[in-house]
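Novice:
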Amino acid sequence: MAKIIVACGSGVASSELVVKHIDDFFEDHGITGVTVDATDFKKLPDILASYDVYVWIARPSEEIQGIVDDNNIASVNGLPIFTGQKPETSYKEIIMALKNLQTN
Amino acid sequence: MEILKNVVNYILNLGGPVFVPLIMFIIATIAGLKLKKSVMAALTLGVAFSGMTLVVNYMMDSISPAAKAMSQAFHLSLNAIDAGWTGVAAITWSYKTAFLFFPLLLAINFIMLTFRWTKTLNVDMWNVWNKIFTYVVVLYITKNALYGFIVAGIQIVLELKAGDMFQRHIEDLTGMPGVTVPHFITLFAVVLMPLNKILDFIPIFNRPFDSAALQKKIGIFGDNTVMGAIIGVLLGFAAGYSVSKSLNLAIQAATAMTLFPMISKLFMQALSPIADSMSDFMKKHFNNREVYIGVDWPILAGRNELWVTVILLVPVMLIFAMILPGNTVLPFAGIINLSFVVAALLLTGANLLRMLVLGLITTPIFLYGATYFAPIITNLAKTTGTVKVQAGQQLSWSTFEGPDFRLFFAKAFNGDLWAIGASIVWLLVFVWLYIDQSKIALPSQRYAYPDGSTEAKSSTKVETKSTTTSADTTGLDLDDLDGMDFGGKSKSNKATKKETGLDDIDGMDFGNTNKR
Numbered sequence: 034m035a036k037i038i039v040a041c042g043s044g045v046a047s048s049e050l051v052v053k054h055i056d057d058f059f060e061d062h063g064i065t066g067v068t069v070d071a072t073d074f075k076k077l078p079d080i081l082a083s084y085d086v087y088v089w090i091a092r093p094s095e096e097i098q099g100i101v102d103d104n105n106i107a108s109v110n111g112l113p114i115f116t117g118q119k120p121e122t123s124y125k126e127i128i129m130a131l132k133n134l135q136t137n
Numbered sequence: 212m213e214i215l216k217n218v219v220n221y222i223l224n225l226g227g228p229v230f231v232p233l234i235m236f237i238i239a240t241i242a243g244l245k246l247k248k249s250v251m252a253a254l255t256l257g258v259a260f261s262g263m264t265l266v267v268n269y270m271m272d273s274i275s276p277a278a279k280a281m282s283q284a285f286h287l288s289l290n291a292i293d294a295g296w297t298g299v300a301a302i303t304w305s306y307k308t309a310f311l312f313f314p315l316l317l318a319i320n321f322i323m324l325t326f327r328w329t330k331t332l333n334v335d336m337w338n339v340w341n342k343i344f345t346y347v348v349v350l351y352i353t354k355n356a357l358y359g360f361i362v363a364g365i366q367i368v369l370e371l372k373a374g375d376m377f378q379r380h381i382e383d384l385t386g387m388p389g390v391t392v393p394h395f396i397t398l399f400a401v402v403l404m405p406l407n408k409i410l411d412f413i414p415i416f417n418r419p420f421d422s423a424a425l426q427k428k429i430g431i432f433g434d435n436t437v438m439g440a441i442i443g444v445l446l447g448f449a450a451g452y453s454v455s456k457s458l459n460l461a462i463q464a465a466t467a468m469t470l471f472p473m474i475s476k477l478f479m480q481a482l483s484p485i486a487d488s489m490s491d492f493m494k495k496h497f498n499n500r501e502v503y504i505g506v507d508w509p510i511l512a513g514r515n516e517l518w519v520t521v522i523l524l525v526p527v528m529l530i531f532a533m534i535l536p537g538n539t540v541l542p543f544a545g546i547i548n549l550s551f552v553v554a555a556l557l558l559t560g561a562n563l564l565r566m567l568v569l570g571l572i573t574t575p576i577f578l579y580g581a582t583y584f585a586p587i588i589t590n591l592a593k594t595t596g597t598v599k600v601q602a603g604q605q606l607s608w609s610t611f612e613g614p615d616f617r618l619f620f621a622k623a624f625n626g627d628l629w630a631i632g633a634s635i636v637w638l639l640v641f642v643w644l645y646i647d648q649s650k651i652a653l654p655s656q657r658y659a660y661p662d663g664s665t666e667a668k669s670s671t672k673v674e675t676k677s678t679t680t681s682a683d684t685t686g687l688d689l690d691d692l693d694g695m696d697f698g699g700k701s702k703s704n705k706a707t708k709k710e711t712g713l714d715d716i717d718g719m720d721f722g723n724t725n726k727r
């Protein structure tokens, strides 16, 4: 199971919106086997390591970037999805990141 | 005629949790959503209302007795329980005219863009709720629905102008071009503006300050669950509870704090089909224009200063709640002061010391705002039928958004002379703020070290690129993806390996796609 995480201020509104868009995209294309979760920035450092892809809407801080690098997590700019301006660029990056994952 | 009236009344009397999902279903159907999705959206909305009712009532039941006992012990009158923005937003969405504010926002933004009075295109349909809430406040005070719509309209215009003036600062702070935050909470900068100007005269406030290290240390206290537990146990002791009873209260408080955002997510899920079609509509009409896309504030949340400030202000909020004469609000679910910090971050250009001082000074404004507006929130909860509030108890929101704007403008439309004066002064300060923010140095260049450099010593900015480069994706056609399955995939990380393998029976095989 591939796991994607999106983070925002309270893990409620913005991240949930992006999660919903990604889920819809997967559904439209019949892509399965991926879970997409939303969380808040305060929790993110504790749980990020167990995810495969981090879709961000606020630029990763030094701490977050460190976790991303150490744990081999793909980070994708989710702002295009969030703003609705050329979201395909983000979706392509997400798909590429998923394709690059190892199959167990 | 009589029959129609009866039908309308019957539907309205079904109560928010039934009536609003019904409206939701109708709108979603008109917007062309598939039946399955409209049904899901409507039901999810109903579930969100019921779920929020459950959590708010649970919170009231566990916290109110302790708050009462503590109030008696310390001779305080903290009878208003804090449901936070998530609770108040939930109650507001269940208001009967809530959905009228989508077209209001669209129409005003559409007109202002057409006549080039703004460059901000607001696609943040979630925060329509704070316009609805302004309407509710004004309606309660003036008893006139038209005034409610007018003040909500003024708010929408001011938000768009705030989006215009803060855009270049947001680009500087986040490194993201073309986006802005036309959010109501940025308007608190009007109150902060004069205070921040005074700080200009004190040298220490004109230096940069690194906050990354501090954030790592205090980050844990900002976690909802941890914070709920701490407040719960402190409240238990203050109420004179036994250790075992205090610990139980700690768990109950942590439960409420943890569940609030979980329930709130449901609202977002339910409302997103509407929000999407609204923002698509706007984007379609202004696609070939240079506009700033207005989104919710979390694009700023990568800044450490923001989190350090709100977490350090938590004890400040609690202490003020105890010592401020006349305060009735016990801070709880709304204790993280997002209503203050976004404006402070933008206005000060992420200067931590200034943000903390401004937070210290303005915390009483929020508590008194919460005290003043508690009857309105309580009344809203009762009329929408979402929450039971017992006699002698109130519901409120300790970090009430924009108490200044809402109080002044509601009272001004009620004909109070002092409020008309205050509203005019408020608007003048907004103009001053607008001019000032349009020409002031960008945050990264505003504060200098003694040697004259503005470069932060250990910069909090990190060069981040998406790890898959654009070259990787050029050969990828999004229409060719259909039927992919990533069920058996995960990164090569021992922490996740044990969780995989359950789903790799279905679908496609990516056996040859090992990481390079």
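Those protein sequences? They're chains A and B, same order as listed. The first sequence begins at 34 in our numbering and counts up by one. The second sequence begins at 212 in our numbering and counts up by one. Note that CB positions come from ideal geometry on N, CA and C, so glycine has one too.
With DSSP run on the structure shown, which of helix, strand or coil describes A:I100?
Specialist: helix
Novice: Using the three-state DSSP reduction, which class does B:T539 fall into: helix, strand or coil?
Specialist: coil
Novice: Any beta carbon from chain A within less than 8 Å of B:M271's own beta carbon?
Specialist: False, the Cβ-Cβ gap to chain A never drops below 8 Å.
Novice: Shortest alpha-carbon distance to A:N110 belongs to which of A:R92, A:I100 and A:D103?
Specialist: Of the candidates A:R92, A:I100 and A:D103, the one whose C-alpha sits nearest the C-alpha of A:N110 is A:R92.
Novice: Measuring CB to CB, does B:D696 end up less than 8 Å from A:G66?
Specialist: Result yes, Cβ atoms of B:D696 and A:G66 sit closer than 8 Å.
Novice: Quick one: grab the DSSP three-state call for B:I504.
Specialist: strand
Novice: Answer with yes or no whether the minimum CB distance from A:E121 to chain B is below 8 Å.
Specialist: yes
Novice: Look up A:I37 in the DSSP assignment and give the residues it is bridged to.
Specialist: A:V69 and A:V86
Novice: Taking Cβ positions only, does A:E60 come closer than 8 Å to chain B?
Specialist: It does not: the Cβ of A:E60 has no partner Cβ on chain B nearer than 8 Å.
Novice: Would you mind sorting B:D293 into buried or exposed? The rule is 16 or more other CB atoms within 10 Å of its CB.
Specialist: buried
Novice: According to a CB-to-CB cut-off of less than 8 Å, which residues of the stretch 61-77 of chain A neighbour chain B?
Specialist: H62, G63, I64, T65, G66, V67, A71, D73, F74, K75 and K76
Novice: Helix, strand or coil, according to DSSP, for B:S569 in the structure here?
Specialist: First, the residue type needs correcting, since residue 569 of chain B is Leu and not Ser in the sequence shown. Under the three-state reduction of DSSP output, B:L569 falls in the helix class.
Novice: B:G505: which of B:S490, B:R418 and B:T391 sits nearest, CA to CA?
Specialist: B:T391
Novice: Write down every uninterrupted run of the alpha helix (DSSP H) in the stretch 281-369 of chain B whose length is 4 residues or greater and which is fully enclosed by it, in chain order.
Specialist: Listed in chain order, they are 295-304, 312-325 and 339-353.
Novice: Is the stretch 400-415 of chain B touching the stretch 338-347 of chain B in the sense that three or more CB pairs, one from each, lie closer than 8 Å?
Specialist: no
Novice: What whole-angstrom Cβ distance do B:L477 and B:V229 have, given they're in contact under 8 Å?
Specialist: Between B:V229 and B:L477 the Cβ distance is about 16 Å, and since that is not below 8 Å, they are no contact.
Novice: Quick check on DSSP: helix, strand or coil for A:N110?
Specialist: strand
Novice: Check whether the Cβ of B:N538 sits closer than 7 Å to any heavy atom of the ligand ZN, and report yes or no.
Specialist: In the structure shown, the ligand ZN is absent, as is every other ligand, since no ligand is present at all.
Novice: Could you tell me which residues DSSP pairs with A:S47 in its beta bridges?
Specialist: Paired residues: none, contrary to the question.
Novice: Considering only the alpha carbon of each residue, which of B:N338, B:K330, B:T297 and B:W328 lies closest to B:L316?
Specialist: B:N338
Novice: Look at the alpha carbon of B:D491 and the alpha carbon of B:Y503, and state the distance between them as a whole number of angstroms.
Specialist: 15 Å
Novice: From the DSSP output, in three-state form, read off B:D434 for me.
Specialist: In the three-state DSSP reduction, B:D434 falls in the coil class, being neither helix nor strand.
Novice: Looking at C-alpha atoms only, which residue of B:N548, B:Q605, B:V553 and B:N562 is the closest neighbour of B:F611?
Specialist: It is B:N548.
Novice: Are the beta-carbon atoms belonging to B:S607 and B:A291 less than 8 Å from one another?
Specialist: yes
Novice: Return the chain-ordered list of same chain residues with a C-beta closer than 8 Å to the C-beta of B:V527, the five sequence neighbours on each side being excluded.
Specialist: G570, L571 and T574
Novice: To which residues does DSSP link B:V390 through a beta bridge?
Specialist: B:I504
Novice: How many angstroms separate the CA atom of B:W296 from the CA atom of B:I474?
Specialist: Rounded to the nearest whole angstrom, the CA to CA distance from B:W296 to B:I474 is 12 Å.
Novice: Checking 8 Å against the spacing of the C-beta atoms, do B:F577 and B:S609 come in under that value?
Specialist: Their beta carbons are under 8 Å apart, which means B:F577 touches B:S609 by this criterion.
Novice: Using 10 angstroms around the beta-carbon of B:V454, count the other beta-carbons present and answer buried if the total reaches 16, otherwise exposed.
Specialist: exposed
Novice: Quick one: grab the DSSP three-state call for B:K688.
Specialist: Looking at the sequence itself, residue 688 of chain B is Asp, so the reference to Lys does not match. Of the three classes helix, strand and coil, the one that applies to B:D688 here is coil, per DSSP.
Novice: Going by the CB atoms, is the gap between B:N538 and B:T582 shorter than 8 Å?
Specialist: yes
Novice: Express the C-alpha separation of B:M235 and B:F497 in angstroms, rounding to a whole number.
Specialist: 26 Å
Novice: Is there a Cβ from chain A that is less than 8 Å from the Cβ of B:V673?
Specialist: Per-residue confidence for B:V673 stands at a pLDDT of 45, beneath the threshold of 50, marking its modelled position as unreliable; the derived number appears in the next sentence. Chain A, which has a Cβ nearer than 8 Å to the Cβ of B:V673, makes this yes.
Novice: Against chain A, with Cβ distances strictly below 8 Å, would B:Q480 count as a contact?
Specialist: yes
Novice: How about A:I90 and A:C41: do their beta carbons lie closer than 8 Å?
Specialist: yes
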